[in-house]
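S.K.: Numbering (my numbering), first residue to last: 20 to 709. Have a look at this one before I ask anything.
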Amino acid sequence: MPNRLAAETSPYLLQHKDNPVDWYPWGEEAFEKARAEDKPILLSVGYSACHWCHVMAHESFESEATAELMNQWFVNVKVDREERPDVDSVYMTAIQAMTGSGGWPMTVFLTPDLRPFYAGTYFPPTDGHGRPGFPRVLEALHDAWKDERPRILSSAEGITDHIAALANRHTGTPAPVSAADAEAAVATFAASFDPEFGGFGQAPKFPSPPNLEFLLVHHARTGGGSASHRSLDMALTTLVRMAQGGMYDHLGGGFARYSVDRYWLVPHFEKMLYDNAQLVRTYTHAFQLTRDPFFASVVEDTLAYLQREMLDPSGGFYAAQDADSEGIEGKFFVWTPEEFRDVLGSDAGFAADWFGVTERGNFEDPHHQEFGRRTVLATWEPADAFAEKHGLSDGERVARLALIRGKLFAAREQRVHPGLDDKVLTAWNGLTIGAFAEAGRVFRNPHWISVAAGCAAFLGEAMWDGQRLRHTWKDGISKVDGMLEDYAYLGLGLVDLYRATGEIAHLAWARDLFGTMLERFRDPADGLFFETPEGAEHLIVRQKAFFDSATPGGCSAAALLAFWLGRYFGREEWIGIATDIVASQRDMLTGAPTGFGTLWQVAELLLAPRQEVVIAGTSDRREPFEAAVSNRYIPWLVLAAGAPGTPLPLFHGRDGGAEAMAYVCEDMVCQLPVDNVPGLIEQLHQAAPG
């Protein structure tokens with residue numbers, strides 16, 4: 020008989036509705052039961068695309084014997100971390116404080132008043148992997164709750180106090196971040212950079228788009244010199260190597276979550292919307308800097324993947340695709356030489372050489388060794404060397420591989436697809452609006468811009484009531500009060516959409532979102548932003564997030580939005596908010612720069628010249644001017660294009676006349692208006708740093 024999770028909308032929670040565990044969703048019903056029966060709460064947090072979440076579910080939560088212990092001794096609560104990032108954040112802080120590390124599945128034991136006293140991640144069904152078996156953990160904690168209650172409560176109180184102290188920690192005396200601080204941050208990145216395969220550290224390796232964006236912005240601002248070239252090289256090497264390796268889907272486009280090795284070869288195969296949205300922006304900016312068609316192809320194929328497999332008919336984008344299909348990690352994506360021969364015939368050897376497919380393979384699911392060793396596709400060999408080896412021109416190589424990829428993709432489509440988490444999250448869709456809008460603007464692709472606009476329209480209808488956002492939507496139901504990341508990411512996406520369209524309504528909505536952020540999220544004591552709104556469900560602490568995880572820290576994203584809206588609307592006090600947030604975190608920015616790529620971007624924008632280009636005129640007249648500006652990577656540039664009379668301070672006194680007119684200003688000094696594209700390019704060139 021299904022448990023209480025059957026009434027939920029989260030695909031992750033629904034995966035557990037038939038468990039013998041008496042699961043409750045997060046809520047007062049579970050908490051009241053724990054208080055009434057004097058039982059601790061077993062909180063299990065995961066997400067639908069998490070491989071080890073599936074493993075623990077199969078080994079423990081589907082076990083009648085283990086479920087009997089859980090039901091007898093605990094009140095069991097299941098949380099989708101994507102649906103409730105606030106709950107996840109609080110208890111992830113707890114597990115990191117208790118164990119020094121964290122991850123998912125997250126398993127936390129709470130007192131009935133929600134204070135944590137023991138935590139871990141994956142527990143095997145029996146002792147192994149250096150971890151105690153889950154039934155033994157359950158029994159030990161039940162005994163401790165029964166026999167050592169004072170010690171348990173004291174521990175829970177101490178851990179809660181520690182979390183609260185971390186949430187309100189003072190990070191030192193606020194101070195401006197200097198250009199020298201930025202140089203030192205780049206040096207810190209360089210110290211852990213892998214010059215051969217890109218990325219930072221050894222393994223596992225994560226894409227970390229905010230850090231790559233910081234390196235690109237730093238290069239653009241400094242405009243030359245060894246540090247500038249070093250930051251560019253680190254970013255571009257990483258982007259090239261990621262897209263050559265198995266992290267990237269060479270048949271269907273899109274990136275997996277992370278690589279288990281230093282080579283970006285074998286990934287954890289889940290595909291997350293937030294990774295792909297952020298990486299599209301970063302590869303777009305790499306293309307602006309280099310004009311390399313390799314980066315353009317990654318953008319095109321990744322956006323095609325998102326539209327083909329992640330786009331709901333409503334206009335919103337789904338959250339994730341699973342790592343597993345038919346219960347085996349990566350089965351959908353990996354190949355054998357025999358499969359290549361079956362699909363490609365005489366082309367199999369040529370294709371296997373390009374993609375690195377061998378009899379030995381490079382991947383095996385340790386839980387399903389009967390599946391055998393297979394190959395994750397990768398393309399390490401330089402294209403020109405490969406073409407020469409096979410006696411082909413580059414054009415012939417491209418054409419032949421395009422046919423091969425098409426055949427392999429068609430064959431792969433016949434396989435059982437990985438599971439799809441088809442909920443729509445406001446925050447991640449905000450990132451995706453920004454990706455499609457920015458790529459559409461740079462590549463002059465109106466279809467991509469229309470996809471971004473369609474997504475924004477859906478969110479406006481389904482998630483926004485004119486004052487407040489909702490966090491998640493599925494099957495026509497939107498729920499959970501919006502978090503800071505929902506407002507900030509969506510606001511930033513709308514700024515990108517304004518740049519791409521010139522439609523002031525997008526910028527006006529971003530301003531409205533920011534107004535709600537100021538009213539409901541800002542701490543009057545220090546001017547910083549909480550993750551959760553005022554009046555939301557009470558958790559044991561109310562946190563502020565600056566640190567970038569897989570996505571930008573909420574307060575850091577809020578600072579970035581404050582900067583851009585301040586520039587567009589001429590609100591110096593909003594730019595002051597961004598400045599104050601950066602200054603408040605200077606000790607963290609300089610002490611641990613690799614965790615704060617988003618806030619480092621804000622710092623770089625504040626260090627950069629105040630440069631703006633206003634293009635006034637009808638849309639058809641503006642197009643060549645906008646194309647000329649969009650061709651260049653100027654990350655601090657305020658680009659405002661619109662019809663005469665656009666209600667922005669930047670357009671005051673700038674009507675464009677009968678023809679389009681461009682106005683270039685820097686640090687409050689304006690050049691003469693120009694009515695031709697070469698003149699605009701010349702003015703931009705004169706204003707470039709370095």
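All residues carry an ideal CB built from backbone N, CA and C; glycine is no exception. Bear in mind the structure is a predicted one, so any value in this text is a computation, not a measurement.
Between the alpha carbons of Ser575 and Ala338, how many angstroms are there, rounded?
M.R.: Here residue 575 is taken as the residue at index 556 of the sequence shown, counted from 1. Here residue 338 is taken as the residue at index 319 of the sequence shown, counted from 1. Distance between the alpha carbons of Ser575 and Ala338 is about 22 Å.
S.K.: Is the beta carbon of Glu78 less than 9 Å from the beta carbon of Pro151?
M.R.: Taking the sequence shown and counting its residues from 1, one reaches residue 78 at position 59. Taking the sequence shown and counting its residues from 1, one reaches residue 151 at position 132. No; because the gap between Cβ atoms is not below 9 Å, this pair is not in contact.
S.K.: Buried or exposed: which applies to Glu457, given that a residue is buried once 16 or more other Cβ atoms fall within 10 Å of its Cβ?
M.R.: By 1-based counting over the sequence shown, the position of residue 457 is 438. It counts as buried.
S.K.: With contact counted as at least three CB pairs below 8 Å, one residue from each stretch, are the region 357 to 367 and the region 426 to 438 in contact?
M.R.: With the cut-off at 8 Å, the region 357 to 367 and the region 426 to 438 touch.
S.K.: Going residue by residue through the region 279 to 366, where are the continuous alpha helix (DSSP H) segments of at least 4 residues, counting only ones entirely within it?
M.R.: DSSP runs (the alpha helix (DSSP H)) wholly in the region 279 to 366: 292 to 309, 312 to 328 and 356 to 363.
S.K.: State yes or no: is the C-beta of Arg103 within less than 9 Å of the C-beta of Val499?
M.R.: As a first step, residue 103 is located in the sequence shown; it is residue number 84 there, counting from the start. As a first step, residue 499 is located in the sequence shown; it is residue number 480 there, counting from the start. Contact flag set, yes.
S.K.: Report the three-state DSSP secondary structure of Asn95 (helix, strand or coil).
M.R.: Taking the first residue of the sequence shown as position 1, residue 95 is located at position 76. In the structure shown, Asn95 sits in a strand (DSSP, three-state: E or B).
S.K.: Can you tell me the Cβ-Cβ gap for Val196 and Arg605, rounded? I've got them flagged as a contact below 8 Å.
M.R.: For this step, residue 196 is matched to residue 177 along the sequence shown. For this step, residue 605 is matched to residue 586 along the sequence shown. With a Cβ gap of about 5 Å, Val196 and Arg605 count as contacting.
S.K.: Would you kindly check if the distance between the Cβ of Pro229 and the Cβ of Pro571 is under 9 Å?
M.R.: The count along the sequence shown starts at 1 and reaches residue 571 at position 552. The count along the sequence shown starts at 1 and reaches residue 229 at position 210. It is a contact, given that the beta carbons lie within the stated cut-off.
S.K.: What separation, rounded to the nearest whole angstrom, lies between the Cα atoms of His387 and Thr309?
M.R.: Within the sequence shown, numbered from 1, the residue matching residue 387 stands at position 368. Within the sequence shown, numbered from 1, the residue matching residue 309 stands at position 290. If you take the alpha carbons of His387 and Thr309, they lie about 43 Å apart.
S.K.: Looking at the structure shown, is Thr377 part of a helix, part of a strand, or coil, going by DSSP?
M.R.: To locate residue 377, count along the sequence shown from 1; it is residue 358. It is coil, neither helix nor strand.
S.K.: Strictly by DSSP, which residues pair up with Leu61?
M.R.: By 1-based counting over the sequence shown, the position of residue 61 is 42. BP columns for Leu61 point to Asn95 and Phe128.
S.K.: Are there 16 or more other CB atoms within 10 angstroms of the CB of Ile496, so buried, or fewer, so exposed?
M.R.: Within the sequence shown, the letter at position 477 stands for residue 496. By the neighbour-count rule (16 or more Cβ atoms within 10 Å), Ile496 is not buried but exposed.
S.K.: By Cβ distance, which residues of its chain are closer than 7 Å to Arg727, with the 5 residues on each side in sequence left out?
M.R.: Only positions 20 to 709 of the chain appear in this structure, which leaves residue 727 out of reach.
S.K.: Starting from Ala659 and walking both ways along the beta strand (DSSP E), at which residues does that stretch end?
M.R.: Along the sequence shown, read from residue 1 onward, the residue named residue 659 stands at position 640. Element bounds for Ala659: Val657 to Gly661.
S.K.: Near Glu348, what residues of its chain come up, given a Cβ to Cβ distance below 7 Å and the 5 sequence neighbours on each side ignored?
M.R.: Walking along the sequence shown from the start, residue 348 turns up at place 329. Closer than 7 Å at the Cβ level, and outside the excluded window around Glu348, lie His70, Phe288, Ala342 and Asp384.
S.K.: Per DSSP, what are the beta-bridge partners of Tyr517 in this structure?
M.R.: Locating residue 517 in the sequence shown gives position 498, where the first residue counts as 1. For Tyr517, which the question treats as bridged, DSSP gives no partner whatsoever.
S.K.: Considering Tyr43, what are the terminal residues of the beta strand (DSSP E) in which it resides?
M.R.: Counting from 1 along the sequence shown, the entry for residue 43 is found at position 24. Start and end: Trp42 to Pro44.
S.K.: Between which residues of its own chain and Ile178 is the CB-CB distance below 8 Å, once the five residues before and five after are set aside?
M.R.: Position 159 of the sequence shown, counted from the start, is the residue given in the question as residue 178. Cβ within range, chain order: Ala113, Ala116, Met117, Arg134, Pro135 and Phe136.
S.K.: By the DSSP assignment, the beta strand (DSSP E) with Ser497 in it spans what residues?
M.R.: As a working note, residue 497 is residue 478 in the sequence shown. That run of the beta strand (DSSP E) goes Ile496 to Asp500.
S.K.: What are the boundary residues of the beta strand (DSSP E) that includes Leu439?
M.R.: In the sequence shown, the residue the question calls residue 439 occupies position 420. Here the beta strand (DSSP E) through Leu439 covers Leu439 to Leu444.
S.K.: Is Gly349 near the ligand SAM, going by C-beta to nearest heavy atom under 8 Å?
M.R.: For the structure depicted, the ligand SAM is absent and the ligand set is empty, with no information on it obtainable.
S.K.: CA-CA distance, Tyr110 and Val156?
M.R.: Counting from one through the sequence shown, the residue named residue 110 turns up at place 91. Counting from one through the sequence shown, the residue named residue 156 turns up at place 137. Approximately 18 Å, taken between the alpha carbons.
S.K.: Helix, strand or coil, according to DSSP, for Tyr31 in the structure here?
M.R.: Position 12 of the sequence shown, counted from the start, is the residue given in the question as residue 31. The answer is helix: DSSP assigns Tyr31 an H, G or I state.
S.K.: In the DSSP assignment, what are the bridge partners of Leu488?
M.R.: Your numbering for residue 488 matches position 469 in the sequence shown. In DSSP, Leu488 forms a bridge with Trp483.
S.K.: Looking only at its own chain, which residues have a Cβ that is under 6 Å from the Cβ of Ala53, when we skip the five neighbours before and after it?
M.R.: Along the sequence shown, read from residue 1 onward, the residue named residue 53 stands at position 34. The answer, listed in chain order, is Ile60, Val94 and Pro131.
S.K.: Just list the residues that DSSP pairs Tyr137 with in beta bridges.
M.R.: As a working note, residue 137 is residue 118 in the sequence shown. Its beta-bridge partners are Phe128.
S.K.: Between which two residues does the alpha helix (DSSP H) carrying Gln263 extend?
M.R.: Position 244 of the sequence shown, counted from the start, is the residue given in the question as residue 263. Per DSSP, Gln263 belongs to the alpha helix (DSSP H) from Ser245 to Gln263.
S.K.: Looking at the strands, I want to know which residues DSSP matches up with Tyr277.
M.R.: Position 258 of the sequence shown holds residue 277. BP columns for Tyr277 point to His287.
S.K.: Look up Met607 in the DSSP assignment and say whether it is helix, strand or coil.
M.R.: Against the sequence shown, residue 607 aligns to sequence position 588. Helix at Met607.
S.K.: Output needed for Thr256: all residues of its chain with C-beta closer than 6 Å, excluding positions within five of it in sequence on either side, in chain order.
M.R.: Numbered from 1 along the sequence shown, position 237 holds the residue referred to as residue 256. Around Thr256: Gly217.
S.K.: Buried or exposed: where does Asn650 fall if 16 or more other Cβ atoms within 10 Å of its Cβ makes it buried?
M.R.: For the purposes of this step, residue 650 is identified with residue 631 of the sequence shown, where counting begins at 1. Exposed, by the Cβ-count rule.
S.K.: Whole angstroms are fine: how far does the CA of Met291 sit from the CA of Val443?
M.R.: Translated into positions along the sequence shown, residue 443 becomes position 424. Translated into positions along the sequence shown, residue 291 becomes position 272. Spanning the two alpha carbons is a distance of roughly 12 Å.
S.K.: Do you know how far the Cα of Pro663 is from the Cα of Gly410?
M.R.: What you label residue 410 is simply residue 391 of the sequence shown in a count that begins at 1. What you label residue 663 is simply residue 644 of the sequence shown in a count that begins at 1. Computed Cα separation, rounded: 57 Å.
S.K.: Less than 8 Å between C-beta atoms, sequence neighbours within five positions excluded: which residues of the same chain meet that for Leu608?
M.R.: In the sequence shown, counting from the first residue as 1, residue 608 sits at position 589. If we look at Leu608 and ignore the five residues flanking it on each side, its Cβ neighbours are Val196, Asp200, Ala204, Val601, Phe615, Leu618, Trp619 and Ala622.
S.K.: So Val632 and Trp583 are supposed to be a Cβ contact under 8 Å. How far apart are they, rounded?
M.R.: Against the sequence shown, residue 632 aligns to sequence position 613. Against the sequence shown, residue 583 aligns to sequence position 564. Going by Cβ atoms, the distance from Val632 to Trp583 rounds to 15 Å, so no, they are not a contact pair.
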